[in-house]
Structure formats: structure tokens, C-alpha cells
Amino acid sequence: MKDSKSPRKWIAEHIAALPKSGIRDFFELVNSMDDVISLGIGEPDFATPWHIREATIYALKQGYTSYTSNLGDLRLRKEVCKYAAANFALNCDPEQECIITVGVSEGLDLLLRAVLNPGDEVLYHEPCYVSYAPGIRMTHARPVPVQTYEKHDFVLQVEHLEEKVSPRSKVLLLNYPNNPTGAGLTLADKQKLADFVIRHDLLLISDEIYEELNYIPRSPSIASLPGMHERSVVLNGFSKAYAMTGYRIAYALGNAAIIDAMMKIHQYSMLCASSIAQAAALEALRHGASQREQMRQEYEQRRNLIVRRFNQMGLNCFTPRGAFYVFPCISSSGLSSQEFATRLLHEKKVALVPGSAFGACGEGFVRCSYATSMQDIETALQRIGEFIGG
8 MKDSKSPRKW IAEHIAALPK SGIRDFFELV NSMDDVISLG IGEPDFATPW
58 HIREATIYAL KQGYTSYTSN LGDLRLRKEV CKYAAANFAL NCDPEQECII
108 TVGVSEGLDL LLRAVLNPGD EVLYHEPCYV SYAPGIRMTH ARPVPVQTYE
158 KHDFVLQVEH LEEKVSPRSK VLLLNYPNNP TGAGLTLADK QKLADFVIRH
208 DLLLISDEIY EELNYIPRSP SIASLPGMHE RSVVLNGFSK AYAMTGYRIA
258 YALGNAAIID AMMKIHQYSM LCASSIAQAA ALEALRHGAS QREQMRQEYE
308 QRRNLIVRRF NQMGLNCFTP RGAFYVFPCI SSSGLSSQEF ATRLLHEKKV
358 ALVPGSAFGA CGEGFVRCSY ATSMQDIETA LQRIGEFIGG
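Residues 8 to 397 in my numbering are what the sequence shown lists, from first letter to last.
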């Protein structure tokens with residue numbers, strides 16, 4: 008029986024049952040401490056390139072502060088589609104197959120709400136970004152995690168998908184390059200997953216926010232492969248590749264009917280993405296390639312250092328193919344992921360994220376972001392080495 012005096016009686020049951028983000032809970036503790044070196048938050052330490060900031064200022068000066076189309080400024084949509092065709096072999100109509108969203112997070116929320124009915128099942132890999140399962144549950148659909156393993160470089164295996172697919176399966180949700188592991192897909196990996204999607208008549212959602220931060224040769228988007236265009240929606244944005252996290256600007260590309268359904272929800276909730284942020288995104292696509300590549304190269308150097316040092320410490324660390332995270336195994340320490348991260352924070356003032364925040368199979372690992380300065384990375388690694396006695 009509900010307690011009629013409790014304020015919680017007003018909260019929807021499916022929302023009350025959602026866990027809070029394991030990342031955010033941990034960093035509430037971090038924020039209460041001084042002099043902590045954080046390898047935790049996945050945010051670039053670079054400032055947004057000046058020419059992009061200047062475009063933002065110019066848009067304000069020109070009074071570009073009104074609503075845009077619900078789908079987004081057509082100039083930006085055309086530029087997004089031009090960029091996707093040139094870089095990902097993904098050919099989309101800017102008027103019908105593209106929508107500008109308030110970050111990939113809003114894009115994913117719109118997409119899940121647009122396609123899922125109560126009881127539908129979404130297959131996705133773990134470890135994964137913390138919002139996937141809660142986002143699926145908020146639509147009254149059922150999240151179905153499929154474990155990935157270090158021995159497979161954290162690449163989702165089709166045989167494991169086959170074990171979980173059911174008549175209720177409707178969507179396969181992928182995120183490669185991956186947060187938190189840094190895993191990436193080769194063209195052969197993409198083809199196997201595409202064949203699975205087609206074989207089981209699924210919709211593919213491909214979260215490619217880290218696609219520009221690749222350290223292996225770039226291959227076409229999985230959505231561009233034969234038979235995939237009409238059954239795919241790709242999500243990407245500007246936060247990571249262009250150091251534009253606070254702009255909250257992203258896009259979705261794919262099936263026109265699904266983009267239209269996303270637009271319906273978007274127009275009744277967000278209306279449109281910030282016009283000023285859209286002007287900045289247009290500048291980033293037109294003139295931001297060189298700075299984007301400079302940042303990618305810097306991340307790659309940091310990746311090489313942090314992977315080498317973790318392995319020298321005896322903490323086995325897979326070499327990421329993309330993004331700006333490593334996912335070292337800490338099981339040799341004899342501590343759980345939460346214990347390792349909490350003790351390291353208190354004893355050495357280094358913040359990492361427990362691997363368990365990204366799904367049960369993340370236990371025994373921690374996530375470290377190398378989106379911070381080389382100096383801070385080196386100091387943090389020294390402290391971690393002292394902590395484990397390496």
C-alpha cells in the first residue's frame with residue numbers, strides 16, 4: 008500500500024525504480040575534495056577552437072537568436088550530410104534524413120521514444136555508456152545487455168547476440184568507438200553485425216560520437232553497408248571531436264520515417280537546438296578539420312603513454328582503438344572496482360570511475376579518461392603505481 012503522506016507517491020513507478028548514474032554519484036564525492044587529479048570525466052581538456060567561438064560571437068552580433076526549423080538550420084543539415092558522405096560513405100537527404108539535436112543524449116532519447124513500444128527489447132553491449140539501460144526503461148521497453156570481453160578486444164560477438172535475440176527484439180544499439188573501453192570496429196566486424204541485423208529484421212542505432220577519435224584506419228559507417236540504410240539511424244555530434252561539450256549540439260541521420268517521428272517529439276519538447284550552437288557547428292564542419300586532427304593526435308600520444316604504464320604496473324590494459332578512455336583490469340589488486348576507485352581517491356587523490364558503473368561485466372576494471380593534460384596523466388600514473396606498489 009502506498010504511503011499517502013510520502014512525497015514519493017507522486018513519482019512514476021518506472022522512474023522511481025531507475026538507479027542514479029554511477030559516474031555522477033562517484034563524482035559528487037570527488038567534488039567534495041581538494042587537489043584531486045581526475046581521470047574520470049569524459050570531457051576534452053582543450054578549449055573550443057577560437058574560430059568556432061568567434062563564429063558563436065558573430066552569430067550573437069548578427070542577431071541569429073531566433074528559432075530555427077524543428078529539424079535544424081538547413082545550412083547545417085546540408086553540411087552534416089556532405090560531411091557524412093565524404094567521411095563515412097553515408098548518403099542522406101538533408102531535408103528528410105537529418106535532424107539537429109541537443110547533444111547525442113537528446114538524439115538517443117528522441118530515437119528510443121520514437122521507435123519503441125512497451126515490451127519491445129533492445130539488444131546492446133556491456134560495458135556501455137551509463138544512460139542506455141535507463142533510457143530504454145523510460146520507454147517501457149526492455150534492455151537486454153550482451154556482455155563483451157577483453158579477450159575479444161571488447162568487440163560485440165554475433166554468437167553472443169544470437170543467444171539473446173528473441174521474437175521481442177526490435178533494436179540493436181551500438182557504440183563504437185566505445186565508452187568506456189575504447190573498443191573499435193573493423194570493417195569485417197561491422198559486416199558481421201550488419202548481417203545479424205538484417206537476418207533478424209532489426210533496427211540499428213549506431214552511436215558514433217567518438218568516430219572522429221579513431222586510431223585505426225577509418226572504415227565506412229555500418230549504416231552505409233548494403234541493406235542497412237533503411238534500417239539504421241546514426242547519432243553523432245560535436246562535443247568530443249571539436250571540444251564543444253557545453254554547446255550541446257549533435258545530429259541524427261537515417262531512415263526518413265524515423266527522423267520524422269523524432270522530429271514530432273522534438274518539436275513538442277525542445278522545439279529546436281540552440282541557433283547559436285548551430286552556427287558554431289556549421290563553422291566546425293566547414294573549417295575545423297585541422298584542429299580536430301591535432302586534438303586526435305594528442306589523444307593518441309596520451310593513449311600510448313597510459314596503456315604502456317598500466318601494463319608495466321601489472322594492470323593488464325587493452326590498447327583502445329578509439330575515443331579517449333582506457334579500461335585497465337584491476338582484479339590483480341584483490342579489490343573490487345568500487346573499492347579500488349574509492350581507496351585510490353582517498354589515499355592518492357586520483358579519480359577514476361569503477362568499471363561496474365558501466366554494467367555488471369565491468370566489475371574488475373576501472374575507466375580512465377586521458378582527456379586531460381599529459382602532465383596530470385603522468386602524475387596520476389605515478390600515484391597509481393605507488394598505490395598498487397608497482
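Beta carbons are placed, not taken as given, at the ideal position from N, Cα and C, and that holds for glycine.
Bear in mind that the values here come from a model prediction, so they are computed numbers and not experimental data.
Note to self: In whole angstroms, give me the CA-to-CA distance for residue 130 and residue 67.
What the structure shows: 43 Å
Margin query: For the segment 62-82 against the segment 210-217, do three or more pairs of beta-carbon atoms, one drawn from each stretch, fall closer than 8 Å, so that the two count as touching?
Written below: no
Next item on the list: Identify, in the order they occur along the chain, each residue of the same chain with its Cβ nearer than 6 Å to the Cβ of residue 234, setting aside the five sequence neighbours on each side.
Entry: 205
Check: Where does residue 181 sit, in a helix, a strand or coil, going by DSSP?
Finding: strand
Margin query: For residue 19, count the other beta carbons within 10 Å of its own beta carbon; 16 or more makes it buried, fewer makes it exposed. Which is it?
Written below: exposed
Checklist line | Straight-line Cα distance separating residue 390 from residue 355 | finding: 6 Å
Notebook entry, point to check: Just how far apart, CA to CA, sit residue 223 and residue 329?
Noted result: 7 Å
Next item on the list: Please classify residue 14: is it buried, with 16 or more other beta-carbons within 10 angstroms of its beta-carbon, or exposed?
Entry: exposed
Next item on the list: For my contact list, residue 5 and residue 211 are in at a C-beta cut-off of 8 Å; report their separation, rounded to the angstrom.
Entry: Because the chain in this structure spans residues 8 to 397, residue 5 falls outside the shown range and cannot be described.
Next item on the list: Look at the alpha carbon of residue 159 and the alpha carbon of residue 275, and state the distance between them as a whole number of angstroms.
Entry: 43 Å
Note to self: Give me the residue from 351, 370 and 331 with the minimum Cα distance to residue 379.
What the structure shows: 331
Margin query: Are the CB atoms of residue 60 and residue 128 within a distance shorter than 8 Å?
Written below: no
Next item on the list: Return the residue from the list 115, 41 and 207 that minimises the CA-CA distance to residue 181.
Entry: 115
Next item on the list: Output the distance between the C-alpha atoms of residue 123 and residue 384, rounded to the nearest integer angstrom.
Entry: 42 Å
Note to self: Considering only the alpha carbon of each residue, which of 260, 298 and 314 lies closest to residue 51?
What the structure shows: 298
Notebook entry, point to check: Hey, quick one: how far does the alpha helix (DSSP H) through residue 314 stretch, first residue to last?
Noted result: 296-320
Note to self: Less than 8 Å between the C-beta atoms of residue 187 and residue 221, yes or no?
What the structure shows: no
Check: Where does residue 125 land, buried or exposed, given buried means 16+ other C-beta within 10 angstroms?
Finding: exposed
Notebook entry, point to check: Smallest Cα separation from residue 381: which of 351, 309 and 340?
Noted result: 309
Item checked: Residue ranges of each alpha helix (DSSP H) within the segment 110-165, 4 or longer -> 110-122 and 139-144
Checklist line | residue 254 - partner residues in DSSP beta bridges | finding: Residue 254 is not bridged to any residue.
Next item on the list: Count the other CB atoms, across all protein chains shown, that sit within 10 Å of the CB of residue 25; report buried if there are 16 or more and exposed otherwise.
Entry: exposed
Margin query: I want to check one thing, is the minimum distance from the CB of residue 272 to the heavy atoms of the ligand ATP below 7 Å?
Written below: Because no ligand of any kind appears in the structure shown, any question about the ligand ATP cannot be addressed here.
Next item on the list: Report back the beta-carbon spacing between residue 173 and residue 138 to the nearest angstrom; my notes put them in contact at under 8 Å.
Entry: Residue 173 to residue 138, Cβ: 23 Å. No contact.
Checklist line | Residues that DSSP places opposite residue 213 in a beta bridge | finding: 181 and 241
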